Amino acid sequence: MIEISLIAVPLLFAALAFIWPQERTRPWLLPAAGGAHAAASLWLLVRPPEPVPGAWFGFDPIARAVLPMISLLFLVCSLYGVAYLKIRSERRNRVFVFALLVLLGFLSLAIQAQHLGLLWVAAEAATLMTVPLIHFNGTARAFEASWKYLLVGGTGIALSLLGSFCLGYASLNAGGSGDLTFHALAGQFVNLSGDFARFSHPWLVAAWVLLLVGYGTKMGLAPMHTWKPDVYGEAPGLVGALLAGGTTTMAFVAVLRVKQVMDAAGCGEMTQRTLLAIGLFSMLVAALFLLGTPDFKRMLAYSSVEHMGILAVGVGLGGLGLWAAVFHVWTNSLTKGALFLSAGNIRRAAGTANQNEVSGMMWCAPRSARMFVAGLFAITACPPFGPFFSELLVVRAAFMSDSIFTAVVFLACLLLAFFGLTRLVFAVVDGRPRAAARARAGRFPETAWVILPPLAFLGFSVWIGLATPPLLREAWSAAVKLFLP
Amino acid sequence: MTNALNLFIGLAMGLNLLALASSRLPSVIRAAALQGMVLGILPLLLEHEFQWMVGIVAVGTIAVKGFVIPHLLRRALRAANIDREVKPLIGFVPSLLLGAAATIGAVALSGVLPLRPEQAGSLLVPGSFATVVGGFLMLVGRTKAISQVCGYLILENGIYLFGLLLINSTPLLVEAGILLDLTVGVFVIGIIMDRIQREFDSLDTNKLTTLRE
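For the protein sequence lines, the chains are A and B, in the order given.
When we follow this note's numbering, the leftmost residue of the first sequence carries the number 76, and every step to the right adds one.
When we follow this note's numbering, the leftmost residue of the second sequence carries the number 1152, and every step to the right adds one.
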């Protein structure tokens, strides 16, 4: 049972990290667990296990399509983490390492969960485990961010629980026996008629609204995105990378699984319309905020809101759009990894993340600044980086389904976001270095350990886009096939 | 059976309004704790025969919501040396009126959502929605961290109430997991509150305003 090891190995390493006596060597547990996790998920990607009917969790096609990306993201981030925790050796790392590993375990559980209740429990646990990661720096601003995250994220996750209950009740009304695995739920709602349909349909609508709001909060879709800028602005770079690539992916998978049930119940059109609307709205809100924000780490948060919008639009278009969305999960997460890690380096060299106090980073942190600029072009969908190809597919899907309006709004938002991002990135990179940054120069040398991980992410971004491995294409197609009639 | 159930749910809905209307933090905590205990008893009323798992969940709920969490909150209250919510964003009378309107709205809304025959006539759905909205009002309308936590607890209580609709048909493992998550969540909230108190020397979330556009 290799799929259990994806959950058990990180949790075992977390327990080990908690009792590990030495501060100096503890961070090495991160790449050790990350390596084992990546090996297991690569194995499962190549040889997917037979699905067990009725199981509460398993490595099904959806998990196969996204979980290897999370392994890869965690592995590269963990290597950066070793260097980061060495730089920040003045702070204790016991809770940080522990929480990172538990987060990986619960992400793996949530993505593999085939049961409505289990999915919620794992998603909630993953949410709680990110709190100690956010206030690692221990500053007043970090506590403020943690508090807002707890309140907004907690409310979101509570609403998704209410939605899960509504879905469960809908299944009871449809004559179900209380089996809450997604497979059973989808089976119960097929071809309902008469009283069963009349009694379950209002509950299904309520469930979809609440679950979309609840898990949408975790994804960071507007208008439930308010926690994102604060958290991404204050959390360490590698935590931002894991949140933007891992936790949001988990929430996206949750939305997909619920949508699968809704599709079976004949509510597919409603789910697509709502996803399209909320996706375009998120892109618009993010693009407008990108034009104004002065902080380059908060900028990444709005960029993440925009890309979550792209995922929602892709799923809303269905068919090819859904395939493009799964593709975009990979390209966006890996590119965000490069951006967050290089932004972390720049933030450290500059001492602050505010545009008004930072400039000329091309001279203070040349390698990180170059990677940050490359990451900027990657995330704004310039070829040859991955996001270009996945976003192009979304646009193609929009034209194919004759939603010219969607395509136009989509492209307009991308253009606005491009203006916003380039404005801020070049303000930070170009110009003359400030005195404060020059005084700090040399304190944080750009060693290979903090340069190679973001560079690796950029490499993956190009590779996934230009030469998508056939194995991944096949895995994504298998996941999308679940949604086709 | 339904009568006793509705009596308790009505009590919980009344406690909502009590929490919304009172300015003294100890009475808000007391209302939330009492509500949690009332809800803890409900699973026992719903079961026709005693099951040990239901008993454990009930005892766990009463212990956590009625004693552990209120104790933590009162300790935070003493440490921060505050007693009342001075300047709420939504005043006490307006929030009481909104809470009452939400209660009426919840009753109206639950008319649209069809219940199963054995649960027809129970107040579970309107009670749950009214409690969720009441908790949400406290969460957004108050400025003290402790009131916000109480609001979150009341919101959770509302969801728990809804969960009782499913208690006969879903595995209790799920309920237990939910209870466990809630406990851990409150501990995390407690730790953060403690740190905020130390860092800002206050539990007034109005001071948490550095992060904005």
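The C-beta atom is built at its ideal place from N, Cα and C for all residues, glycine as well.
From a predicted model like this one, the values you see are computed outputs, not experimental measurements.
- Here the alpha carbons of Lys556/A and Gly389/A stand approximately 15 angstroms from one another.
- In the same chain as Gln335/A, and ignoring 5 residues on each side of it, the C-beta atoms closer than 8 angstroms to its own belong to Phe257, Ala261, Leu557, Phe558, in chain order.
- Distance from the Cα of Leu191/A is smallest, within the candidate group Leu176/A, Leu225/A, Val206/A, Ala130/A, for Ala130/A.
- Residue environment: Lys1238/B is assigned as exposed (fewer than 16 neighbouring CB atoms within 10 Å of its CB, all protein chains considered).
- Residue-level contact check: Glu219/A touches chain B, since one or more beta carbons of chain B fall below 8 angstroms from its beta carbon.
- Put simply, the backbone Cα of Glu1307/B is about 27 angstroms away from that of Leu1362/B.
- Assignment of beta-bridge partners to Arg1175/B by DSSP yields Arg1235/B.
- In this structure, the CA atom of Gly1278/B is about 10 angstroms from the CA atom of Ile1255/B.
- Between the alpha carbons of Leu351/A and Val448/A lies a gap of roughly 30 angstroms.
- Under the Cβ criterion of 8 angstroms, Pro102/A is not counted among the residues facing chain B.
- Distances from the CA of Leu1196/B to each of Ile1318/B, Leu1290/B, Gln1348/B were compared; the closest alpha carbon is that of Ile1318/B.
- For the pair of segments examined, the segment 136-150 of chain A was found to touch the segment 109-120 of chain A: the number of CB pairs separated by less than 8 angstroms reaches three.
- Flagged as an interface residue toward chain B: Phe240/A, by a C-beta distance shorter than 8 angstroms.
- DSSP, reduced to helix, strand and coil, places Thr230/A within a helical segment of the structure shown.
- A direct Cα-to-Cα measurement between Gly1165/B and Glu199/A gives close to 29 angstroms.
- For the pair of segments examined, the segment 286-297 of chain A was found to touch the segment 383-400 of chain A: the number of CB pairs separated by less than 8 angstroms reaches three.
- DSSP links Thr256/A through a beta bridge to His190/A.
- Counted as a single uninterrupted DSSP element, the alpha helix (DSSP H) harbouring Glu78/A occupies residues 77-94.
- Cβ-Cβ separation between Ala418/A and Lys372/A: approximately 6 angstroms, consistent with a contact (criterion under 8 angstroms).
- For Leu1317/B, the chain A residues whose C-beta falls within less than 8 angstroms of its own C-beta are Phe240, Gly243, Tyr244, Leu247, Gly253, listed in chain order.
- Ala197/A has its alpha-carbon roughly 22 angstroms from the corresponding atom of Pro124/A.
- The C-alpha of Ala553/A lies about 27 angstroms from the C-alpha of Leu178/A.
- Three or more pairs of CB atoms, one per stretch, sit closer than 8 angstroms, so the segment 533-548 of chain A contacts the segment 458-478 of chain A.
- In chain order, Ser246, Ala249, Gly251 place their CB closer than 6 angstroms to the CB of Gln263/A, counting only its own chain and leaving out the 5 sequence neighbours on each side.
- In this structure, the CA atom of Phe464/A is about 15 angstroms from the CA atom of Gly450/A.
- Counting only runs of 4 or more residues that sit fully inside the segment 490-557 of chain A, the alpha helix (DSSP H) segments are 510-515, 523-541, 545-556, in chain order.
- DSSP places Phe1201/B in the coil class of the three-state scheme, outside both helix and strand.
- In the DSSP assignment, the residues bridged to Phe132/A are Ala188/A.
- Against Arg1267/B, the close residues of chain A are Tyr244, Leu247, Asn248, Phe274, in the order they occur along the chain (beta-carbon pairs closer than 9 angstroms).
- Rounded to whole angstroms, the Cβ separation of Leu182/A and Met325/A is 5 angstroms, and the two are in contact under 8 angstroms.
- When DSSP states are grouped into helix, strand and coil, Asn266/A belongs to the coil group.
- Taking 8 angstroms as the cut-off, the Cβ atoms of Thr455/A and Phe532/A do not count as close.
- Each of Gly315/A, Val360/A, Ala259/A, Asn407/A was checked against the Cα of Ala340/A, and the nearest Cα belongs to Ala259/A.
- For Pro462/A, the enclosing alpha helix (DSSP H) begins and ends at 461-475.
- Take Thr230/A, set aside five residues on each side of it, and the residues of its chain with a beta-carbon closer than 8 angstroms to its own are Thr292, in chain order.
- Here the alpha carbon of Arg423/A sits roughly 16 angstroms from the alpha carbon of His210/A.
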